[in-house]
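Residues -9 to 452 in this note's numbering are what the sequence shown spells out, letter by letter.
No residue lacks a Cβ here, since even glycine has one placed at the ideal position from N, Cα and C.
Just so it is clear, the structure is predicted and the values come from calculations on it, not from any experiment.
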Amino acid sequence: MALLAIVSGCSSGAASPEGPGDALDAGSGDAAATVDAAAGVGRCDYRNAFSGHDECKAYLGAAWTAASAADDCAKQPGAGGAFVAGGACAASTLGRCVVAKGDGLDATTELGGVAATECSSAELACTTFAGGTFVAGSVCASATTDDHTVFIWPTQSCVDPLPGEPAGQSADGKVCTWNLISACTEEGRDYRDYGSCDVVRTNRPYYPVPARAIAGASDPRRADAAYLAESAWAKRQVASCACVCCHTSAAPKGAAAWSLSDDPLWADTISDEGVAMFAGYVDSSVLGAFDPADNNGFDRVHSALPSTDPARMVGFFQREFDRRGLTQSFVAGIPPFGAALLDQLSYAPQACQAGEGIDASGKLVWSGGKPARYVYVLEAGSDNPGIPPNFDLPAGTVWRVDVPHDGQPLASGLAYGAVPSGATQRFPASAPPAPLVAGHVYTLYVLYDVALPLARCTFSAP
Ligand code: HEC
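So this is what it looks like as structure tokens:
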């Protein structure tokens, strides 16, 4: 999904030094496109903990000193960045985020990345989160809005079991499976036979990433029957869940970062950070979880890797954590998985600016020129909407309208309570929403797509 390719408010990325004045020519004509990248006190190279891409932040504002820039760099989420005094950033592939302070330039961030499908999220991360101006780089200059992979809202499929497999657990013998990244089919079955990986692969960006190497032929675990049995059990569990869509060598472009296909030591392919998460030491709850009763008994609340026996799964990875000699001080430096989503949940909406909120005729308006797929009006002070299945309908929602993935997104100027054709009212389930109370304060929360906010601000009803 577009979900995780999100840049933190003040992130930047890795690049190599380059000659002075390397302007990123995006053909935009914007002054932001021609930044003298060598004029600052230095650069910060780091890996964006959320998108997984290298980024580079250049400290260009007059207020930065080498010390304050180095300090900012050390605070980059994840492992922190490497500060290079006097260094400039090389132009990046996705684009550049230019952030101003007062009437001067503050910093630029070069956003690394490979896929045109990531351009919309990179742009919104820059404009919505960092308050910057996005200048398309080589990949994004030719990308169109259509390149964005639209998140397909989860539905549940109920189908007959494959020939030779036992009857399904639903009343009519069918096997029921949600089509969502956090979903699983029935234990013992393969998710790919019952869920839609095509739908799941809209839930976050999918691309191949080389896996960590596995231990060689002399590794004692290869002859350890108890280990091999646990490893095989854990693998069968993952194969029943949507993770299997991207984490095997059979995924369309190959495995993403870790691979169930690397038998029998597939757990070796997981990064240390991933092992810490699966061992229960790093929070990933913001990535969403079903009630196990609605997910064929698979629990992602007590085990980041969904399991019908969470304690057994967590135990398997705690032993792997110990085997690698990892420590709690290592864990302390790992940001929560889905930290960009956490930032969205904890964001405190402020009063809408001109051109945002509600106009005198009762139309909901948002700026930025992009159309919306999700529009929420909430009681002020409600939790912000997050991702399905358990964060997308916060208590305090007054009205919510969705546009399906194949529908035409909504332009700003949506009359409160009026559901345009092609859109679906998600809340209230039936009946029109309660009328807005004059003078009462509400939050307008508008999404370009799941986890990509266009507007999130409070307004007083006219
Ligand atoms: C749509 C594809 C897709 C699905 C489905 C998916 N992932 Fe991933 N996952 C990725 C990609 C791509 C990366 C690599 C990100 C990077 O490093 O740039 C990744 C990386 C990870 C990592 C980082 C660990 C490492 O070894 O570096 C963890 C942990 C992880 N996934 C867990 C899961 C779990 C658990 C599930 C199922 C609940 C899941 N993923 C489902 C695409 C997916």
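- Rounded to the nearest angstrom, the Cβ distance from Leu442 to Ser110 is 7 Å, consistent with a contact under 8 Å.
- In this structure, the C-beta of Cys235 approaches the ligand HEC to less than 6 Å from one of its heavy atoms.
- Distance between Ser186 and Ala222, taken at the CA atoms: about 24 Å.
- Lys65 counts as exposed, since fewer than 16 other C-beta atoms from the protein chains shown sit within 10 angstroms of its C-beta.
- The three-state reading of DSSP puts Tyr217 in helix, counting H, G and I together.
- Of the residues Val367, Met267, Ala59, the one whose Cα lies closest to the Cα of Ala78 is Ala59.
- In the three-state reduction of the DSSP assignment, Trp143 falls in the coil class, being assigned neither a helical nor a strand state.
- Annotated as distal: Arg446 and Tyr432, with beta-carbon spacing of 7 Å or more.
- Close CB contacts of Val190 within its chain, under the 6 Å cut and outside five residues either way in sequence, are with Ile171, Ala232, Cys235 (chain order).
- Here Gln334 is buried, its C-beta having at least 16 other C-beta atoms within 10 Å.
- A distance below 7 Å between beta-carbons, with the five flanking residues on each side excluded, links Tyr337 to the following residues of its chain, in chain order: Asn374, Arg446.
- The C-beta of Leu277 has 16 or more other C-beta atoms within 10 Å across all chains shown, which makes the residue buried.
- In the three-state reduction of the DSSP assignment, Ser402 falls in the coil class, being assigned neither a helical nor a strand state.
- For the set Arg182, Ala266, Pro200, the Cα lying nearest the Cα of Val228 is the one of Arg182.
- Judged by the Cβ position, Gly397 fails to qualify as a neighbour of the ligand HEC at the 6 Å threshold, every heavy atom of the ligand being at least this far.
- Val199 and Gly328 have their alpha carbons spaced roughly 18 Å apart.
- DSSP lists no bridge partner for Glu310.
- Collapsing the DSSP output to three states places Ser450 in a strand.
- Taking non-hydrogen atoms of the ligand HEC into account, the C-beta of Tyr197 is found less than 6 Å away from one of them.
- Between Asn285 and Cys174, the C-beta gap is smaller than 7 Å, which places the two residues in contact.
- The region 85 to 99 and the region 121 to 140 touch, with no fewer than 3 CB-CB distances between them shorter than 8 Å.
- Taking one beta carbon from each stretch, the region 338 to 347 and the region 405 to 412 have fewer than 3 pairs nearer than 8 Å; the two do not touch.
- For the pair Ala97 and Leu50, the CB atoms are nearer than the 7 Å cut-off.
- When only Cα atoms are considered, Thr167 and Cys148 end up about 6 Å apart.
- When DSSP reads this structure, Ala445 sits in a beta bridge with Val436.
- When distances are taken from the beta-carbon of Leu50 to the heavy atoms of the ligand HEC, even the shortest one reaches 6 Å or more.
- Here Lys47 is bridged, per DSSP, to Cys34, Thr99.
- Each of Ala301, Ala266, Lys353 was checked against the Cα of Arg313, and the nearest Cα belongs to Ala266.
- DSSP, read as helix, strand or coil, puts Tyr364 in strand.
- Secondary structure of Phe320 (DSSP, three-state): helix.
- Shown here for Leu354: same chain residues with a beta carbon closer than 8 Å to its own, the five before and five after excluded, namely Gly347, Ile348, Val365, Val367, Ser402, Gly403, Leu404, Ala405, Tyr406, Leu434, Val436 in chain order.
- With fewer than 16 other CB atoms across the displayed protein chains lying within 10 angstroms of its CB, Lys243 is exposed.
- Between Gly103 and Ser82, the alpha-carbon positions lie close to 8 Å from each other.
- In this structure, the C-beta of Arg211 stays at least 6 Å away from each heavy atom of the ligand HEC.
- Judged by beta-carbon spacing, Phe307 lies beyond the 7 Å limit of Pro379, meaning their Cβ atoms are not closer than that value.
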